[in-house]
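Heads up: take any position in the sequence shown, counting from 1, add 3, and you land on my numbering.
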Amino acid sequence: MPQVPWPYPRWIAHRGAGKLAPENTLAAFRLGASHGYRMFECDVKLSRDGVPFLMHDDTLTRTSNAADKLGQNSSASGGDHPWGTLAQLDAGSWHSRTFAGEPLPTFEAIARYCLRNAYFLNIEIKPTPGQERQTGEAVANHAARLWQGASAAPLLTSFQVPALEAAMSAQPDLPRGLLLDTLWPGWLETAQRLGCVAIICDHVLWDQVSLTQAQSAAFKTLSYTVNDEATARRLLDLGLDGIITDRVDLFSPASLCA
């Protein structure tokens, strides 16, 4: 696998600012930035009419007021609604009164915020079930358009192999990473086949054996979601390249030589 430049900082704010603000919102990104973070992770899926927007869950229920706004008989899946409907939802009140009225952001809005502030982005392609290839292709195409001419492209990642396959076919020059919650048979070979530059694991999966396997194949190694000092120190001692955390208040990228 060819070596590529790795421009990204080591410390990455999970979903904007982890749990300190409503995840995957512009407010979360701003709060993460206020703690010194220069790279963010977020989840992107498609609305019914093909607009990429930020949301982690398959359903709208946990992180918006969709049940009240749309009615109990309406579909809970974000992918079942057009963007015009999703844009009216409150994605902040579930977290705290401070963020009441915070909207769901489009991927384009988050991209432009990051670009204007020279922040880096790790985009997890998070398809509505059944839309893996469609979402991978759309996210990659939007990313290529938005970051055209930028000094550092976003890192596209996913647990879903078909989504990464579609992203690779659509925009082969964008860097990709394979997300893993288990080291399933063939994980290393799959990452190689997908032309990935990085492997991102649940932190418990990284040890000297798995790290050596990945590094020997020229992959960068990242870990999620690291929220305590002992785990962070273990991973840093192993030599990981990136750490994704909710605890933007605990880990200071500047003091930790990000």
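Ideal placement from N, C-alpha and C gives every residue a C-beta, glycine not left out.
DSSP three-state assignment for residue i, whether helix, strand or coil
| i | result |
| --- | --- |
| residue 249 | coil |
| residue 29 | helix |
| residue 103 | coil |
| residue 55 | strand |
| residue 244 | coil |
Burial state of residue i, where buried means 16 or more other Cβ atoms lie within 10 Å
| i | result |
| --- | --- |
| residue 145 | buried |
| residue 219 | exposed |
| residue 184 | exposed |
| residue 212 | exposed |
| residue 248 | buried |
| residue 25 | buried |
| residue 67 | buried |
| residue 44 | buried |
Cβ-based neighbour list, residue i, same chain, cut-off 7 angstroms, excluding 5 preceding and 5 following
| i | result |
| --- | --- |
| residue 238 | 206, 209, 226, 229, 246 |
| residue 266 | The question about residue 266 has no answer, for the chain in this structure spans 4 to 261. |
| residue 243 | 209, 224, 225, 226 |
| residue 250 | 21, 230 |
Top-ranked residue by Cα proximity to residue i, from the options
| i | options | result |
| --- | --- | --- |
| residue 232 | 86, 255, 149 | 255 |
| residue 118 | 143, 85, 157, 91 | 157 |
| residue 62 | 75, 74, 79 | 79 |
| residue 139 | 147, 166, 113, 124 | 166 |
| residue 19 | 8, 35, 11 | 35 |
Same chain only: Cβ atoms within 8 angstroms of residue i, ignoring 5 sequence neighbours per side
| i | result |
| --- | --- |
| residue 198 | 4, 171, 175, 179 |
| residue 115 | 149 |
Supposed close pair residue i, residue j - CB separation, criterion 8 angstroms
| i | j | result |
| --- | --- | --- |
| residue 196 | residue 169 | With a Cβ gap of about 14 angstroms, residue 196 and residue 169 do not count as contacting. |
Chain D within 8 angstroms of residue i, Cβ atoms only
| i | result |
| --- | --- |
| residue 90 | Among the chains in the structure shown there is no chain D, since it carries only a single protein chain. |
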